[in-house]
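> Provided herewith is a single structure, encoded as structure tokens, for subsequent inquiry.
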Amino acid sequence: MAKGMELYVQPILPKRIRRLKDIAYNFWFSWNPDAVELFSSLDHSLWRRVRHNPVEFLREVSQHKLNEASKDQRSYLVQYNKVLAAFDHYMAEQQIRWYTHHFGNHRRDELIAYFCAEYGVHESLPIYSGGLGVLAGDHCKSADDLGLPFVAVGLLYRHGYFTQKIDAQGNQIAEYIDNDFDLIPVQRVIDKEGRPLIISIDVAGQDVYVNVWKVNIGRVSLYLLDADTELNKEKDRLITYQLYVGDRQMRLSQEIILGMGGVRALKAMEMNPAVWHVNEGHPILVGLERIRSMVKEEGLSFYEALEIVRATTVFTTHTPVLAGHDTFSLELIDQYFKLYWQEVGLSRNEFISLGLEDTNAFNLTRLAFKLANFVNAVSAVHCETTSKQWEHLWSGVPLEENPIIYITDGIHAFSWIAPPMADLFDRYLGPEWHSELPEVEFWKKVDEIPDDIYWGIRQDIKRRMIGVVRANLKRQRVRNGLSLTEIREAEDIFDPEILTIGFARRFATYKRADLIFKDLTRLGRIVNHPEHPVQIIFAGKAHPADRPAQDIIRKIYTISQRPEFRRRIVLLEDYDINLARSIVFGVDLWLNVPRRPLEACGTSGQKVAVNGGINLSVLDGWWAEGYQRGNGWVVGDIRDYKDEAVQDADDSNSLYSLLEEEIIPLYYQRGEKGYSPGWVKQSKESIKTIVPIYNTDRMVREYTRKCYRPAIEAGQKRKRDNYALARELAAWKREVIENWPQVKLSMVEGFSPQMNFREKRKIEIFASLSKLKPKDVTVELYIKKAEEEDVVIIPLNCIREESDGRYLYEVDFRPEDSGHYTISVRVMPHHSELLHKHELGLCSWL
């Protein structure tokens, strides 16, 4: 038979429902279940097959089904009109949102630009690998909900991250599938002449051309850059092919396009952001490009432009392990940035010093600390860890005083709540729960939901999750050629009446996914208890280069195939946002056991909580703040371990004991009601105490108050009068740095180490300031009482200049209590316009 020609016939949207395209190209649909239903109800099978991608769906759906829907006055059109009205209301510019209410109508000169290497907005836009990307996507959604003047920038990867298969031996198989940009919810940006916008950026002496694409997230625009254009050489077209490439030259090229190219893309679209938020170190070259632009176009020196950049840059770090920060050899930096430092008037040493972390490594996180005045970690524990890691940048400054703050990550609750649970909240809390999300008192109304109805909804969601588990496992076994018996076993595996534990996240060794397998005999007794059994779901990807993490996947798979665990433990494949959503919706208990303190935040447990799941976690990341007695359980205790094997043994024993003695007995205390009132109480407590705090609405409000608004104001001040303040600060800092090695303190003779209670003691200090003046410094007493944490800081007054050029400082000290005190004296640079007292990182002690 002769081979026929292929012909593709594309459907046309009937006029009556033509605005389905508007919704398909706006990720507003992703957190609005009614909008999702507009697509899925047309063809459930096709919706699943295209992985919930509305653009591809509208290219593939039957014309007959579209025509029928456009005439369905009783059902489809009613739903269509309802969704469209909600969409138009949400998109309306005149709507008063949180930002407008608190800060007035924003102007174009208050735009906030957010940069990240990955965005996990929805599974139909596969340009994310894990938590960092999902957080970035949730950040954009809440920025839109709250009405911030906000734009985001990232890269559009041709391959993105890999899709995952698990073979019959438990090996992770990574498959890279080309993203067809015509079939995902992205659109080319068009310039003023009506042509596709293309920018260029120098990468190691070669012009690389970059396409600009737009993604709509409500009213927020996410602009994505890709280098796969015929204008580029073949090697340069590959720069944006894959997320997190291992090759260092390719990685640095990506970060140049993301950071420097991102600045140029916004400028080409006539956007001039007031604040630049760099999420993790990958995009920090934003700052260097902004400086280059100001040097060339505004006539500023590098250090004058740096004052503007520092004052208007927010840097968020997520990496608690030093090895996880991006570093590049100095040879590579020479190759890629020699022209840059010549353009901005720096010597090689000056440029290298911006990111030099050891003798031959340029560290992007160190560069970020130099280019950003607003720096934050993503939880309290992470802030402590980060401060210790980077304390050398503020030599002599106590950890608790350095400029690093923390803003604990959250989740976009509306994206991560199961529709039946959202309906339950609508029914019993009222639709105002959407606007009252961060109000702790409001959420006490959860107790008013009848326990039996609450439990019924939870079980309904759990049954749906088990359906996803069965389908995933069946596909896996069919593809791997397992027996018919094993395939049929997957069709009825798991029971909704059994306590179900979930562990789904990126596989990395520090996350210890295999901790629960330390004692297989004990675990076997737990999961196979004749009256109170347990079932466990595992899912997640390991980076293709992370062999130890892949070994953990193989280990879990192998154990799950043993006869005693076959119907109790499953390892699912093809982990993505969709699968994660199903699991966090339905599990009873969320297991999180990272090696403390290596979890920056770890928001997966927050997604479980909004659905009534309960956390069982190490006190690390957000759980160290979120745990309260009665809203979950704590694995292990807070202590420093020198031996990881001892830590693992202690934590695994704690885990088993909690399951055996507290968690499993509570779950199965059902009685005549068919459910455990104690479990329901703890489930509701999880919602009440976690949901109103650990969400991105609260998080973005915190960023706005602590970082965005202060940065807007600081930037405006430094730009006034032809950058007068920026020039003044740059000159003043240069003078301070040059003279600081000669700044010294000395005690006036006659200080006695003893005094009586209520006695007043005059403390006198001589300060040698070289060419600096008293207005340029602050001299302080630093007083700490033995056995107490709190510190008292008292400024000294400059009394006079001595004949030898020294300055006499003094203060009266009267202790509030008897006891042993340690009194130190320190001197620091001071300027009224510093954004932080330790901005220069200079502090000399007597």
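For the sequence shown, the working numbering begins at 1 and goes up steadily by one. Positions of the beta carbon are idealized from the N, C-alpha and C atoms, including for glycine. Small disclaimer: the values here were computed from a predicted structure and weren't measured.
Residues bridged to Phe766 by DSSP?
DSSP output for Phe766 lists Ser746 and Leu808 as bridge partner(s).
> Would you kindly check if the distance between the Cβ of Ala726 and the Cβ of Glu391 is under 7 Å?
Against a cut-off of 7 Å, the Cβ pair of Ala726 and Glu391 comes out as no contact.
> Between which residues of its own chain and Ile333 is the CB-CB distance below 6 Å, once the five residues before and five after are set aside?
Phe362.
> Roughly how many whole angstroms lie between the Cα atoms of Tyr223 and Lys775?
Cα to Cα, Tyr223 sits roughly 46 Å from Lys775.
> Output yes or no for whether 7 Å exceeds the beta carbon distance between Ile407 and Asn373.
No; because the gap between Cβ atoms is not below 7 Å, this pair is not in contact.
> Could you spell out where the alpha helix (DSSP H) holding Tyr454 opens and where it closes?
Residues Asp451 to Arg479.
> In or out: Gln628 buried (at least 16 other Cβ within 10 Å) or exposed?
Under this definition Gln628 is an exposed residue.
> Let me make sure I understand the geometry here. Which of Arg248, Leu197 and Leu252 has the alpha-carbon closest to that of Leu231?
Nearest of Arg248, Leu197 and Leu252 to Leu231, Cα basis: Leu197.
> Apart from the five residues on each side of it in sequence, which residues of its chain come closer than 6 Å, Cβ to Cβ, to His532?
Around His532: Ile664 and Tyr668.
> Here's the rule I'm using: 16 or more other beta-carbon atoms within 10 Å means buried, otherwise exposed. How should Asp697 be labelled?
Buried, because 16 or more other Cβ atoms sit within 10 Å of the Cβ of Asp697.
> Do Gly261 and Ile190 count as a contact pair if the criterion is CB distance below 7 Å?
Against a cut-off of 7 Å, the Cβ pair of Gly261 and Ile190 comes out as no contact.
> Mark His52 as exposed unless 16 or more other C-beta atoms lie within 10 angstroms of its C-beta, in which case mark it buried.
Classification for His52: buried.
> Could you check whether the stretch 616-632 touches the stretch 150-165, counting it as contact only if at least three pairs of C-beta atoms, one from each stretch, sit closer than 8 Å?
No, the stretch 616-632 is not in contact with the stretch 150-165.
> Pick from Glu68, Leu339, Glu193 and Thr319: whose alpha carbon is nearest that of Ala268?
Among Glu68, Leu339, Glu193 and Thr319, the Cα nearest to that of Ala268 is on Glu193.
> Run through DSSP, which three-state label would Val78 get?
In the structure shown, Val78 sits in a helix (DSSP, three-state: H, G or I).
> Cys798 lies in the beta strand (DSSP E); which residues open and close that run?
Asn797 to Glu801 is the span of the beta strand (DSSP E), which, as asked, contains Cys798.
> Would DSSP call Glu230 helix, strand or coil?
Correct three-state label for Glu230: coil.
> In the DSSP assignment, find the unbroken alpha helix (DSSP H) run with Asp847 in it and report its ends.
Since the first and last residues shown for the chain are 1 and 846, residue 847 lies out of range.
> Taking 8 Å as the threshold, find out whether the stretch 798-812 comes into contact with the stretch 722-738 through three or more Cβ pairs.
No: fewer than three Cβ pairs fall under 8 Å.
> Among residues of its own chain, excluding the 5 on either side of Tyr173, which ones have a beta-carbon nearer than 8 Å to its beta-carbon?
The sequence shown places Ile at residue 173, rather than the Tyr named in the question. Excluding positions up to five away in sequence, the list reads Gln164, Lys165, Ile166 and Asp167.
> Among Ser652, Asp452 and Ala580, whose alpha-carbon lies nearest the alpha-carbon of Glu672?
Nearest option by C-alpha distance: Asp452.
> Classify Ala85 as buried or exposed, calling it buried when 16 or more other Cβ atoms lie within 10 Å of its own Cβ.
Looking at its Cβ environment, which holds fewer than 16 other Cβ atoms inside 10 Å, Ala85 is exposed.
> Can you tell me which of Gln389, Ser844, Leu258 and Thr319 puts its alpha carbon nearest to the alpha carbon of Val212?
Among Gln389, Ser844, Leu258 and Thr319, the Cα nearest to that of Val212 is on Leu258.
> Classify Lys165 as helix, strand or coil using the three-state DSSP reduction.
Here Lys165 sits in strand by DSSP.
> For Ser824, is the classification buried or exposed, using 16 other Cβ atoms within 10 angstroms of its Cβ as the cut-off for buried?
Label assigned to Ser824: exposed.
> When burial is assigned at 16 or more other CB atoms within 10 Å of the CB, is Lys141 buried or exposed?
Buried, because 16 or more other Cβ atoms sit within 10 Å of the Cβ of Lys141.
> How big is the Cα-Cα spacing for Asp226 and Arg97?
Cα to Cα, Asp226 sits roughly 33 Å from Arg97.
> CB-CB under 8 Å to Lys444, same chain, minus the five flanking residues each way: which ones, in chain order?
If we look at Lys444 and ignore the five residues flanking it on each side, its Cβ neighbours are Lys688.
> Which residues bound the alpha helix (DSSP H) around Asp207?
That residue, Asp207, is in no alpha helix (DSSP H); its beta strand (DSSP E) goes Gln206 to Ile217.
> Using a threshold of 7 Å, state whether the C-beta atoms of Gln459 and Pro419 are closer than that.
For Gln459 and Pro419, no; Cβs fall outside 7 Å.
> Verify whether the separation of the beta carbon atoms of Ala368 and Gly299 is less than 7 Å.
Result no, Cβ atoms of Ala368 and Gly299 do not sit closer than 7 Å.
> Taking just the CA atoms, how far does Arg292 sit from His836?
Going from the Cα of His836 to the Cα of Arg292 covers about 25 Å.
> Evaluate Met638 with the Cβ neighbour count: other Cβ atoms within 10 Å of its Cβ, from every protein chain shown; 16 or more gives buried, anything less gives exposed.
At residue 638 the sequence reads Ile, which differs from the Met that was named. Under this definition Ile638 is an exposed residue.
> From Lys642, Gln647 and Glu661, pick the residue whose C-alpha is nearest to that of Trp633; which is it?
When only C-alpha atoms are compared, the closest one is Glu661.
> Ile493 to Pro530, Cα distance in whole Å?
So the alpha carbons of these two residues sit roughly 17 Å apart.
> Roughly how many whole angstroms lie between the Cα atoms of Pro14 and Leu66?
Each residue's Cα considered, the two are about 7 Å apart.
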